[in-house]
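Heads up: the sequence shown begins at 207 in the numbering used here, then just goes up one per residue.
Every residue, glycine too, gets a C-beta built ideally from N, C-alpha and C.
I have placed the structure first, in the form of structure tokens, so that the comments after it can refer back to it.
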Amino acid sequence: GSGGPVALETEFGEIEVALEQAPPGSRQRLRTRTGAITVGVTDDLNARIELATSAAFATEYSLQVQHLNGQEPNKHAQAVVGEPLADLEIGSLRGEIRLLRRSASFVPVSAVGAPLSGESEMKRSQAP
Numbered sequence: 207g208s209g210g211p212v213a214l215e216t217e218f219g220e221i222e223v224a225l226e227q228a229p230p231g232s233r234q235r236l237r238t239r240t241g242a243i244t245v246g247v248t249d250d251l252n253a254r255i256e257l258a259t260s261a262a263f264a265t266e267y268s269l270q271v272q273h274l275n276g277q278e279p280n281k282h283a284q285a286v287v288g289e290p291l292a293d294l295e296i297g298s299l300r301g302e303i304r305l306l307r308r309s310a311s312f313v314p315v316s317a318v319g320a321p322l323s324g325e326s327e328m329k330r331s332q333a334p
């Protein structure tokens, strides 16, 4: 996993990352135009999370979703994991965003469609 501030951006590729506890006061950012983003976190991440996409959100955490008709991305969501001591922005114009609860043994895999260790049933939110 990654600890400390992270900023990843890609035009068309996928982003898959496991994050450790966010440094208090930090701002981290994960962005892609069309790729999916998968983020594995533990319950002690201690961050406010802002998510934005026109595709689906898939998560085991509670989200507050706002639909923005005529905009791209057309959905914004917010979540808090642990205490809101840091900020994490996750955005993809057209790719699915997956925010997964992970165990200490979580290891991201690069194979598309392969299940992630520690992954269980997720809730999906998609625009009508």
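Three or more Cβ pairs closer than 8 angstroms define a contact, and the stretch 214-224 falls short of that threshold against the stretch 271-281. In the structure shown, D293 adopts extended strand secondary structure according to DSSP, grouped into three states. If only complete runs of 3 or more residues are kept, the stretch 248-305 shows the beta strand (DSSP E) at 253-259, 263-265, 270-273, 281-287, 293-298, in order along the chain. Cα atoms of L299 and A283: separation of roughly 13 angstroms, rounded to the nearest angstrom.
Cβ atoms of T238 and I221 come within 8 angstroms of each other, at about 6 angstroms. Membership of E226 in any beta strand (DSSP E) is not indicated, and neither H nor E is assigned to it by DSSP. In the DSSP assignment, E217 falls outside any beta strand (DSSP E) and carries neither an H nor an E.
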